[in-house]
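K.L.:
Residue numbers (my numbering): 281 to 651. We put the beta carbon where it would ideally sit given N, CA and C, even for glycine. Nothing here was measured: the structure is a model prediction, and the numbers come from that model. Here you go, one structure.
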Amino acid sequence: MEVDTSAITHNIHEFRKKIGSRPKMMAVVKADAYGHGAVKCSQVALAAGASWLGVATVQEGMELRDAGITEPILVLSQPPKETIPALLEFDLTTSLYTEDFAMALGEFAANRGKVAPFHLAINTGMNRIGVWHADALDFMRMISFHGGLRLEGTFTHFATADEPDEYVYRLQLRRFNEVINQFKKVNISPGIIHCDNSAAAIRYKDSLFDMVRIGISMYGLHPSAITRGTIELWPAMSIHARITDLNEVPVGEGVGYGFSYHSPGNVVIATVPLGYADGLSRQLSNGMTVIYRGKYVPQVGNICMDQFMIEINKRSTLLNPFSPPEIGDEIIVIGRDGDAFLHLDEMADALGTINYELACRFGMRLNRIYK
Ligand SMILES: *Cc1c(COP(=O)(O)O)cnc(C)c1O
281 MEVDTSAITH NIHEFRKKIG SRPKMMAVVK ADAYGHGAVK CSQVALAAGA SWLGVATVQE
341 GMELRDAGIT EPILVLSQPP KETIPALLEF DLTTSLYTED FAMALGEFAA NRGKVAPFHL
401 AINTGMNRIG VWHADALDFM RMISFHGGLR LEGTFTHFAT ADEPDEYVYR LQLRRFNEVI
461 NQFKKVNISP GIIHCDNSAA AIRYKDSLFD MVRIGISMYG LHPSAITRGT IELWPAMSIH
521 ARITDLNEVP VGEGVGYGFS YHSPGNVVIA TVPLGYADGL SRQLSNGMTV IYRGKYVPQV
581 GNICMDQFMI EINKRSTLLN PFSPPEIGDE IIVIGRDGDA FLHLDEMADA LGTINYELAC
641 RFGMRLNRIY K
């Protein structure tokens, strides 16, 4: 995997242009930065203008601290109570939405003469995590007596910001604004207010508030088709491999497990050391192409755990007698060579999933090279 860090910098700068100078940017680097490598991507994002980092687990936050990163880190969900000592030791800010967790966190902090910051998660309609919006004021009244707790931020998350219909987005935003107004009326400071993921921050001005949380777009991928053309993003990830074997397979011979492909003759089968354990879905078997010498070449046979095969037609222009294919030649699985271009979005469409999932999967085992 090559990760083009200048693309990440570019994407964050594009975002800054889009949202104006006021909102802070949180770089969401959960799941090893969507497969791109959390430590490096965090450093690049911070240098490009992000001031917060977002992670999914306490473990992910600890990894960033161990790498020497000192900027604020938010755990985007409420972790198990067992992680409270680590939250404080590693100076991680937690999301919070249950009384039980709040009391445990407050007690632990107060006993050590500390005040634990938290961001209150509000459920405005996605129904994943958070205090139900209509209960938020009561919840804060219930826990705010605690000297070991400090409300540092208030946030929600949109369920449909990347979809054409704005109804649910508007409903969630209205509910969220009501909560903020209720807080202000009774002099509860909501702290840093943040709602937007990539899609909302690209599409809407109404919910930028104090900070936006950008994940997929910082890696140069669009949250859905709807934002295409509205911001110029450069994909940071590309996937490359080198041919490890070449076989002239006679007509009728099978290739790979289960012989889902038989040689039509006049082909050279090249083996590529990349498989489903590297994040390349086996469901793509006999249904994907790769780029070889600037041209599209079909993948054939079942994709294996660690390898797959491609079919090079001996009559094709790739095989002129002066440059036969060689072991070590480069294959591109995601990326560009001249006019030939393979995008994660096309692979996601073929699999009936989203680019988010595929980017994470390619993070499983491949070595990363940062450019
Ligand atoms: C993952 C996540 C984000 C980032 O979403 P993108 O669509 O990748 O920009 C923002 N906020 C929360 C709470 C998340 O879990």
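Going by alpha carbons, who is nearest to P530 out of V547, S518, I468, T524?
P.N.:
V547
K.L.:
What distance in whole Å lies between the Cβ atoms of L624 and A639, which are believed to be in contact at a cut-off of 8 Å?
P.N.:
6 Å
K.L.:
Mind checking which residues open and close the beta strand (DSSP E) that includes E432?
P.N.:
429-435
K.L.:
Relative to ligand 1, is the shortest distance from any of its heavy atoms to the C-beta of V580 smaller than 7 Å?
P.N.:
Checking every heavy atom of ligand 1 against the Cβ of V580, none is found closer than 7 Å.
K.L.:
Could you give the first and the last residue of the continuous alpha helix (DSSP H) run that contains C321?
P.N.:
318-328
K.L.:
For T633, which option in Y377, G581, S504, F435 has the closest C-alpha, if you only look at C-alpha atoms?
P.N.:
S504
K.L.:
Nearer than 7 Å: is that true of the beta carbon of I472 relative to any heavy atom of ligand 1?
P.N.:
no
K.L.:
T404: which of F456, D312, T374 sits nearest, CA to CA?
P.N.:
F456
K.L.:
I'd like the ranges of any beta strand (DSSP E) spanning at least 3 consecutive residues and lying wholly in the stretch 532-591.
P.N.:
Complete beta strand (DSSP E) runs here, min 3: 547-552, 569-572, 575-580.
K.L.:
Buried or exposed for D619, going by 16 or more other Cβ atoms inside 10 Å?
P.N.:
exposed
K.L.:
Give the C-beta separation of M305 and A330 to the nearest angstrom, bearing in mind that I take them to be a contact with Cβ-Cβ under 8 Å.
P.N.:
Cβ-Cβ separation between M305 and A330: approximately 4 Å, consistent with a contact (criterion under 8 Å).
K.L.:
Runs of 3 residues minimum, wholly inside the stretch 385-426: which ones carry the beta strand (DSSP E) assignment?
P.N.:
396-403
K.L.:
Is the beta carbon of D442 less than 8 Å from the beta carbon of A479?
P.N.:
yes
K.L.:
Locate the beta strand (DSSP E) running through R450, then write down its first and last residues.
P.N.:
First-last for R450: 447-465, but that is the alpha helix (DSSP H), not the beta strand (DSSP E).
K.L.:
Can you find at least 3 beta carbon pairs, one from the stretch 554-568 and one from the stretch 576-588, that sit closer than 8 Å?
P.N.:
In this structure the stretch 554-568 lies against the stretch 576-588, because at least three pairs of beta carbons, one per stretch, are closer than 8 Å.
K.L.:
Indicate, with yes or no, if ligand 1 has a heavy atom lying under 7 Å from the CB of H399.
P.N.:
Proximity of the beta carbon of H399 to ligand 1 is not indicated: no heavy atom of the ligand is located closer than 7 Å.
K.L.:
Please check the pair S375 and V355, which I expect to be a contact at CB under 8 Å, by giving their CB distance rounded to whole angstroms.
P.N.:
The C-beta distance from S375 to V355 rounds to 6 Å, short enough to meet the 8 Å contact threshold.
K.L.:
Take every Cβ of the stretch 312-327, pair it with every Cβ of the stretch 286-294, and state whether three or more of those distances are shorter than 8 Å.
P.N.:
yes
K.L.:
Just the C-alpha distance for G317 and K465, rounded to the nearest angstrom, thanks.
P.N.:
43 Å
K.L.:
Across which residues does DSSP place G615 in a beta bridge pair?
P.N.:
Bridge partners of G615: L622.
K.L.:
State the DSSP-derived secondary structure class of K304, mapped to helix, strand or coil.
P.N.:
strand
K.L.:
Under 8 Å Cβ to Cβ from M420, same chain only, skipping five residues before and after it: list those, please.
P.N.:
L400, L431, F463, I468
K.L.:
Using DSSP bridges, identify the partner residues of R493.
P.N.:
Bridge partners of R493: M306.
K.L.:
Are the Cβ atoms of V309 and G334 separated by less than 8 Å?
P.N.:
yes
K.L.:
Between the stretch 357-369 and the stretch 514-525, do at least 3 Cβ pairs fall closer than 8 Å?
P.N.:
no
K.L.:
In chain order, what residues of the same chain have a beta carbon less than 8 Å from the beta carbon of I592, not counting five sequence neighbours either side?
P.N.:
Excluding sequence positions up to five before and after I592, its CB lies within less than 8 Å of the CB of V547, V548, I549, A550, Y572, V577, L598, L599, P605, all in the same chain and listed in chain order.
K.L.:
What's the C-alpha gap between F388 and Y447?
P.N.:
Taking C-alpha positions only, F388 is separated from Y447 by approximately 42 Å.
K.L.:
E282 and I649 look like a contact to me (Cβ under 8 Å); what is the Cβ gap, rounded to whole Å?
P.N.:
5 Å
K.L.:
With DSSP run on the structure shown, which of helix, strand or coil describes V283?
P.N.:
strand
K.L.:
Quick one: measure Cβ to Cβ for H426 and G386, integer angstroms, because I've assumed they're closer than 8 Å.
P.N.:
4 Å
K.L.:
Taking DSSP's pairing of strands, which residues face T507 in a bridge?
P.N.:
T507 pairs with nothing; no bridge assigned.
K.L.:
Just to confirm before moving on: does the CB-CB distance between I506 and N635 stay below 8 Å?
P.N.:
no
K.L.:
Note down, in chain order, each residue of its chain lying with its Cβ closer than 6 Å to the Cβ of I473, except the 5 sequence neighbours on either side.
P.N.:
T434, F489, D490
K.L.:
With H, G and I counted as helix, E and B as strand and the rest as coil, what does DSSP make of Y636?
P.N.:
helix
K.L.:
Roughly how far, in whole angstroms, is the beta-carbon of F642 from the beta-carbon of D558, given that I think they are within contact range, below 8 Å?
P.N.:
Yes, they are in contact, since the Cβ atoms of F642 and D558 sit about 7 Å apart, within 8 Å.
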